[in-house]
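Residue numbers (our numbering): 21 to 381.
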């Protein structure tokens, strides 16, 4: 791995309180009164126990502290010795199996697992700079879905959101053309999002994240001809707050929805174009995982499309790839991901828009 790398670690452990035992605890048993005089001095019988309304089903084996949630009636004469041991961490299932606050390759116990050999380091729950250093010599170990064929050298690390919310990861400050992808926190896991250029040559990925759910970050040179100083940082973001003008469901095909900018009210900044007027907002949900294309072909004005997830940071923007002044915004999505498509007119143009959706091949 390249020299002069600065990494800051921050790990937070979480304590879990075991659930109380739901087993039965027996009270005293009965002493039968004597059936007759045997010639011995009479001994008064023990008073009958007070009936609390619950039938006594007989003596049960002693319980000394089983917190596993299993009824004592399933014990077979053995004495419990305490809480059941926690499960060992499984390094490629997205679950914190051992309840220590870290999961998958973010868990120290997974450091030698085959599922985690590709991970260069774990950055914990840090906010700010996650990685800074020279990428030359790091090797080309992985291929992001938005990277040129062959790709360039890369680094991979895990990061854990410190709390629920929106976050923005970026390679701004890097000295070369980068790509940035995020995905499951183990080697070979599915990549959930990928970005090439978010303005200039740096890359930006936004995500709505769950506290404690680690992700894998893949930062790499766009191709083999790019290299140099790499910077990756993360900051808290804001949720997407604009109201949707229309809902396209999970429709796929040509002209899945149409509308007009004359009724649009959302003030959206399109990083790829000078859109001065209001934009129409369309909600859409991915029916399967893969790279999805949203085009404005058939619209009667010069259109731009910016794609947002659940956060206010744009995922991608385009205003020309479909040809004839029409947009083709492409983005990698997981099944069930919801996006908000902002359709606006370049240089103040307005008119009727058409939305076309094409899925993975």
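All C-beta atoms in this analysis are idealised placements derived from N, C-alpha and C, irrespective of residue type, glycine included.
Since the structure is predicted, the reported quantities are computational estimates derived from the model, not experimental observations.
Which class does residue 259 belong to by DSSP, given the choice of helix, strand or coil? strand
The beta strand (DSSP E) that contains residue 303, what's its start and end? 300 to 305
Look at the alpha carbon of residue 292 and the alpha carbon of residue 110, and state the distance between them as a whole number of angstroms. 42 Å
Cβ separation of residue 342 and residue 370, assumed to be a contact under 8 Å, to the nearest whole Å: At roughly 19 Å, the Cβ-Cβ gap does not stay under 8 Å, so residue 342 and residue 370 are not in contact.
Say whether the region 165 to 183 touches the region 222 to 235, bearing in mind that this needs 3 or more beta-carbon pairs closer than 8 Å, one atom from each stretch. yes
Pair every Cβ in the region 111 to 119 with every Cβ in the region 216 to 225, then say whether three or more of these pairs are closer than 8 Å. no
Output the distance between the C-alpha atoms of residue 202 and residue 143, rounded to the nearest integer angstrom. 14 Å
Limits of the unbroken beta strand (DSSP E) element including residue 4: Absent from the structure is residue 4, since the part of the chain shown begins at 21 and ends at 381.
If you check the beta carbons only, do residue 155 and residue 223 fall under 9 Å apart? no
Rounded to a whole number of angstroms, what is the C-alpha to C-alpha distance between residue 282 and residue 250? 44 Å
Whole angstroms are fine: how far does the CA of residue 149 sit from the CA of residue 45? In this prediction, residue 45 scores a pLDDT of 30, lower than 50, which makes its location untrustworthy; no coordinate-derived value is stated.
Nonlocal neighbours in the same chain, by C-beta distance under 6 Å from residue 197, ignoring five residues either side: 221, 242 and 246
From the DSSP output, in three-state form, read off residue 194 for me. coil
Give me the Cα-Cα distance between residue 275 and residue 375, rounded to the nearest whole angstrom. 5 Å
I'd like to confirm the pairing. Which residues does DSSP put opposite residue 277 in its beta bridges? 375
Compute the Euclidean distance between the alpha carbons of residue 13 and residue 135, then round it to the nearest angstrom. Because the chain spans 21 through 381 in this model, residue 13 falls outside it and cannot be assessed.
Quick check on this structure: which residue in 301, 157, 259 and 272 has the alpha carbon closest to the alpha carbon of residue 330? 259
Just reading off the beta strand (DSSP E) that residue 240 is part of, what are its end residues? 235 to 241
Does residue 33 pass the burial test, meaning 16 or more other C-beta atoms within 10 Å, or should it be called exposed? Caution is warranted here: a pLDDT of 33 is assigned to residue 33, below 50, making its placement in the model unreliable, and no coordinate value can be reported.
The beta strand (DSSP E) enclosing residue 337, as first and last residue numbers: 334 to 338
Express the C-alpha separation of residue 214 and residue 158 in angstroms, rounding to a whole number. 20 Å
Please classify residue 365: does DSSP put it in a helix, a strand, or coil? strand
Residue 124 (DSSP reduced to helix, strand or coil): helix
So who's on the other strand from residue 199, going by DSSP bridges? 240
9 Å Cβ cutoff met for residue 138 and residue 161: yes
Would you grab the beta carbon distance between residue 176 and residue 237 for me? Rounded to a whole angstrom, and I think it's under 8 Å. 7 Å
Of the residues 267, 167, 235 and 225, the one placed nearest residue 123, counting alpha carbons only: 235
Decide if residue 244 is buried, meaning its Cβ has at least 16 other Cβ atoms within 10 Å, or exposed. exposed
Reducing DSSP to helix, strand and coil, say where residue 319 ends up. coil
Within 9 Å, strictly: CB atoms of residue 366 and residue 306: no
To the nearest angstrom, report how far apart residue 322 and residue 360 are at their CA atoms. 20 Å
Are the CB atoms of residue 414 and residue 186 nearer to each other than 9 Å? No statement about residue 414 is possible, as the shown extent of the chain runs from 21 to 381 and does not include it.
DSSP beta-bridge partners of residue 187: 227 and 256
Among all the DSSP beta bridges, which residues are the ones paired with residue 267? 303
In terms of alpha-carbon separation, which member of 152, 130, 372 and 352 lies closest to residue 166? 352
As assigned by DSSP and simplified to three states, the class of residue 214: strand
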